[in-house]
Structure formats: C-alpha cells, structure tokens
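Here our numbering = 1-based position in the sequence shown + 30.
Worksheet: one structure, shown below.
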Amino acid sequence: MTAPQLLSVAVIVVMMAAFVWGRFRYDLVAALALLLALAVGVVPLDKAFSGFSDDIVIIVGSALLVSAGVARSGIMELAVQRYAPNLTSVRAQLALLVIVVALLSAFVKNIGALAIMIPIAFQFARRSNTSPSVFLMPMAFAALLGGLMTQIGTSPNIVVSRLREEITGTSFTMFDFTPVGLSLTAVGIVFLVAFYWIVPVRVRKDVSVHHALDIKNYVAEAKVTAESAVAGKTVADLLKMAAGEAVITSILRDGTLRITPFPDAALRDGDRLIIEGDPQDLDRLVAQASLSITGDRKLTTEGRSSEIMAIEAVIGEHSSLIGWSAQGLLLYHRFNVNLLAVSRKGERLDRDPGTIVFRLGDIVLLQGDHTAMPEFLREFHLLPLAERSLLIGSVRRGIVPVAILVAAMGTTALGLVPVPVAFFAAAVAMVLFRVIPLREIYASVDGPILVMLATLIPVSDSLRTTGATDVLAAVLADVATGLPAYGALALILVTAMAVTPFLNNAATVLVMAPIAAGFASALGYRPEAFLMAVAIGAGCDFLTPIGHQCNTLVMGPGGYKFADYPRLGLPLSIIVIFAAVPLLLVFWPVR
C-alpha cells in the first residue's frame, strides 16, 4: 500500500479505536477524525466540509423531525387504545408492539418509530403487571429489522443508495429493499415473539430527576362537548379509554349538581369531569375522548412566534397565590394563564381545580404563553420543576402529521420528487402546520448524529480516493478465492455485522460499501447484492447497546446489562445471516 493509503486506513483504525474506547462522544470522535484526515493530507482542504451539504444529512435530519411530529400527535397511542383495548397477554402485547414498530420503521426513521411506541410499551407493562424490559429490547431489534424494508427506513439504506449511484450511476429506489427486508423482518419477528424470554427480566435502577417527579395525584377538570367521543355514552366507556391509568372522581352538571361517577352514569354535553392521574395519563384520556381541558378559556399569545406551553411549578413560601383559588384570583382573565391541574401531597383532591384554595407546597400545572410564563412564575414566587415534555392542553392535529408523512412517501415512491426534497418539505410542513412547536424543532433533530455523518463522509471517502478500498477489496477477494457466491456474500455480511458494533451503522456503510463493491468487482460479480449485504449487516446490530441508537435508547428504561444484548441478539444475527444470503442471491443475482 502507498503512504496515502496507509494513512487513510490508519485514520479509520484510530477512529474505530476511539469509538470503542467510548471516552468521547461519537460526534466529537468523528470531528477529530476529520481534523486528523486533513492534517495527514488524505482529505483535501477544499473537501473538508463537503459532508454538510450531502443529501444524507438532510434526509436523516428531516426524518427525525417528521418522526417527532408523528410521535407528538399521539395518534399511535389512540390507535392502539382503540383497536387493542383489552390486550393483556404478554406475548400478544409483544407481538403487537414489534409488528407495529417494524412497520413504522419502514416509513419513519427507526429510532423515531421506536420512540413513538415506547410509551405504549410502558402502558402494556403496567396492564400486564410485568417489567418493561420484556418488551423494549425486542422492540429495538424489530425497529432495526423494519428499517431494512425501504430506502428511508434506516441510515445504511440511504447511504448505500447514494454509493450505488456513485459506483453504477443508478441509485436504489424506495422499495428495492422491500423483498429482502420484508422477509427478514417476518422471520425476525417470529423469533422475537417466540423467544423473548431469553432475556432476563430487569428492573430499571437508574432514576433521573424526571422519575423523581412521579406526581400521581394531579386533579384536573375536563368538559364533555358535543364533539367528544363519549358524549351520550357512560362513565364505563370513558374508563375503558383510561385503561386504569386515570380515575373519574366526580361529575359536575348544570353548574351545581354533583353526580357520583357510577360506571353506568351517562355523560352529557356540558358535563364537567373531575379526573385524577399524572399529566401523561390525563393528556391521553383527554385526547382520546376529545374532551376540553380548558373549557372556554382560550389563551392569547404576544406575538406570531409565541406559543402556548404547559409547565409544572411548586407554590413557594412567599407566593401571593397562597390563600387564593384560581377563580378567586381571576387567573385566566387577569394573567392569561390557565390552571390545568393541582396536586397536593398527602391529600386527595376531588373538586373543581379552579375552586381549590392554594397552599404552600402545592404543585400546579399551568398553561400560558411561553414568552410570558417566566415573568409570571417570578412574580408569584412559583418554582418551576425540571423541564419535561407536557402535551396536556396543547392542540393536537393527529391526522395532519400522518397526511404529511403519506404525502412525502407517495411523492418519492412515484418518483415525482427526490427523497431529500420530499422529506425536507415534510419537515417544514410539520412546523408550518404547528405539529411541532417552534421551540422544540431543534430538540427534535439529533444534532450529534448529523455532525457525525457530515464529518465522516469525507473521512470514509478518503479510502476510495486514495485507492485503499481497492487494496482491501483485493485482500478480501484473496480470502474468498475458491468460495462460491453465497460464501463471498456471507463474508461481506458477517464483516459488516462485526464492524457495526464499533462504528455507527451509517459510518459502517461509508467504510464498508466501497470495499464491498471493489470486492465484488475483483471476483467478477455485480455489486448490488454485496452493497445490500453491507446495508443489512450495518442495520442489524443486535449484539451491543452502543452500535445503534435504538439499542442505546432502551438500555436505561429497560434496565439492561451489556451482556443481555447478545443473549437475544446473537441467535437473531445468525438467523439473519442464514436467511439473508439466499434471499439476496434470489432477488439480486450476482451475475
């Protein structure tokens, strides 16, 4: 190998070692690798930041924003609650979760699809009295499998499509991945549902500040309107939607009449319900039943960029709210603030929150203009609790994000618009239609991943520009000499699987795909099956919690140990290898 080739390989090896070491975050490691590649001359100075303009960065960032919009809408929780309200068997619950996650992952970034369904997994765990760890790891693996089915399902598919276009002049299309990906997903789901018990049941040990804020006894008032799904139905029908997570403590009718919420009590337009639960459960019930949490109290904003927010706060020692109720203080009329719910330690509140006289230490859930709320909190000596996502009282346009996603998928599937443009437009539409508030846009986009991708693109491309990929491909070709086509294909697939636990999956494709194409060329084979093998290997990291974000995402909530992943992941990896090789040879002949 020449000096530039050796230097290019050395940069990649040092980068991989840094990833394995784990001392620095992956985006910093990638940035340092870029600087090192520039310093040794394997990346030209004028190409240093070419990765930031690459389509893959736009696609991944836009897909994350679209996923956040779908998750925020709550439409998945509504669908599951409506179509599977009585699902109590652990295996049946798991089957539903992994199938839905896999299907969503085909059209939404797989980590976004997983994030959408994790709250439902916790609901199912409470309903079946089991640990969430039973569901979370199989769901993470299902998300990885589902991402194999379409071009935009996972980053490796996007990257390998771009590399195929560079190599052959033709990119993979949206559903070129579907025959093999769908087959592997089906096989994988059967395994996960049948053998989920391999992973020990774990209990989460790390408790964050958000879990310390485990406030269960919020009391809120919600109004039944003519548009409510429970208007004319009974309390029992409403409690089915609550799934045991929220309680109806009283019904107020015609201003003064208080009705005991017996299961057969009929609900009428105008009834005010006193509901007890935590903010997430209250929000879920209000959204699913189409109740009005704010009644006729519509808030105004100070400017076009202002938005309505909900925040939890503790009434401090010197607060002028003490001794007053929200109605007595005219909180809405004087300060443009809605009181959504109240919690008081050691006491169960069962009356209209607006009539509750505040005491020191009460926790209030307030809704107001996010630009004016800080001043209100200071003025009334309210101590805001640690920030967490609160959707209760917010406007949810459930069908809008789904329509945006379908439009983006349809235009790309028909070839009307390129994938980057379609998903960038979808991301902008999510903001334009206020599916995602302006203040949450950049929190929804995974900046470290985008930086890592942008900086790794020129670094990985140095293997190709220096000719190192041809040399490495020749080495692999020597190893594969005498092997049949399926053996050569399996070698590439296993190599990609072995590398991806140490690199981000997109980085694995950037490093391995040029090598695989050169390897195929040296053996006289067409490159498509080998590029697909790289994408599958990079997308199927079932062995560690660090190789893919989906695995990392569930590690804490599931309470998993590092060694838990290969217990379920190793047999699944072997199944994928044995199933993928013949499928690739059938759908993508090498000659």
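Think of the CB as a built atom: it goes at the ideal place given N, C-alpha and C, for glycine as much as any other residue.
Positions of the beta strand (DSSP E) runs, each at least 3 residues long and wholly inside the region 145-194, cannot be given because no such run exists. Residue nearest to residue 179 within the set 163, 158, 162 and 203 is 203 (criterion: CA-CA distance).
Here residue 145 is not near residue 485, since their CB atoms are 8 Å or more apart. In terms of Cα proximity to residue 230, the closest of 618, 595, 620 and 607 is 595. Between residue 249 and the set 520, 342, 373 and 199, the nearest pair of CA atoms involves 373.
According to DSSP, residue pairing for residue 288 in a beta bridge involves 282. DSSP lists 303 as the beta-bridge partner residues of residue 252. Membership of residue 213 in any beta strand (DSSP E) is not indicated; the residue belongs instead to the alpha helix (DSSP H) covering 208-225. Annotation: the continuous beta strand (DSSP E) that includes residue 394 extends over 393-399. Per DSSP, the beta-bridge partners of residue 322 are 253.
For residue 265, the enclosing alpha helix (DSSP H) covers residues 265-272. Put simply, the backbone Cα of residue 85 is about 14 Å away from that of residue 94. DSSP, read as helix, strand or coil, puts residue 510 in coil.
Every unbroken stretch of the beta strand (DSSP E) spanning 3 or more residues and falling wholly within the region 343-418 is given here in chain order: 368-373, 393-399 and 412-414. Per DSSP, the unbroken alpha helix (DSSP H) holding residue 492 starts and ends at 477-495. Its chain contains 72, 492, 493, 496 and 498 as the residues whose beta carbon lies nearer than 6 Å to that of residue 38, once the 5 sequence neighbours on both sides are disregarded; these appear in chain order. With respect to residue 565, residue 140 sits apart: the two C-beta atoms are not nearer than 8 Å. Within the same chain, and ignoring the five residues on either side of residue 155 in sequence, the residues whose Cβ sits closer than 8 Å to its Cβ are 161, 162, 164 and 165.
According to DSSP, residue pairing for residue 338 in a beta bridge involves 399.
The shortest CA-to-CA distance from residue 57 to any of 476, 356, 369 and 232 is the one to 476.
Excluding the 5 residues flanking it on each side, residue 258 has same chain C-beta neighbours closer than 7 Å at 319, 320 and 321, in chain order. Residue 324 sits buried, since 16 or more C-beta atoms from the chains shown fall within 10 Å of its C-beta. Per the coordinates, the alpha-carbon of residue 33 lies some 47 Å from the alpha-carbon of residue 588. Under DSSP, residue 296 shares a beta bridge with 264.
Under the DSSP definition of a beta bridge, residue 277 partners with 306. With 16 or more other Cβ atoms from the protein chains shown falling within 10 Å of its own Cβ, residue 489 counts as buried. For residue 472, the uninterrupted alpha helix (DSSP H) run begins and ends at 471-474, by DSSP. Residue 465 sits close to residue 102, with the two beta carbons spaced by under 8 Å. Take the alpha-carbon of residue 377 and the one of residue 343: they are about 18 Å apart.
Taking 8 Å as the cut-off, the beta carbon of residue 129 is found no closer than this to the beta carbon of residue 228.
Out of 353, 413 and 361, the CA that lies nearest to the CA of residue 388 is found in 353.
Residue 410 is not a Cβ neighbour of residue 370, given a cutoff of 8 Å. The Cβ atoms of residue 329 and residue 137 do not sit closer than 8 Å to each other. In this structure, the beta-carbon distance from residue 311 to residue 266 does not fall below 8 Å.
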